Amino acid sequence: MQRPLSQAVSLFKRGFIPQQTRTLVSGPPTQRVSLAEKVAYSSVMAFSFLAVPVWVIVHIRSYRDRS
Numbered sequence: 136m137q138r139p140l141s142q143a144v145s146l147f148k149r150g151f152i153p154q155q156t157r158t159l160v161s162g163p164p165t166q167r168v169s170l171a172e173k174v175a176y177s178s179v180m181a182f183s184f185l186a187v188p189v190w191v192i193v194h195i196r197s198y199r200d201r202s
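Residue numbers (my numbering): 136 to 202.
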């Protein structure tokens, strides 16, 4: 009875995953992103964030008229 218990305790102390490999790459990027790409991606993100709120603000009168 002592053997399985001691194995469980040693497994718990080591952790359930005996080996973990972590990959972390820090430093400058290997390929630079051009200014045009940054502007394009930023425009798409800004449009997607603001599309619904702007739609609601533009159509607020029609929403008020319904009630």
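Idealized CB from N, CA, C, for every residue including glycine. Here the structure is a predicted model, which means the values were calculated and not measured.
Length of the line joining the Cα atoms of residue i and residue j
i	j	result
R138	T156	30 angstroms
V160	Q166	14 angstroms
S177	S141	57 angstroms
W190	A171	27 angstroms
S169	P163	15 angstroms
V193	K173	29 angstroms
P188	V144	56 angstroms
Residue ranges of each alpha helix (DSSP H) within the segment 139 to 195, 4 or longer: 170 to 193
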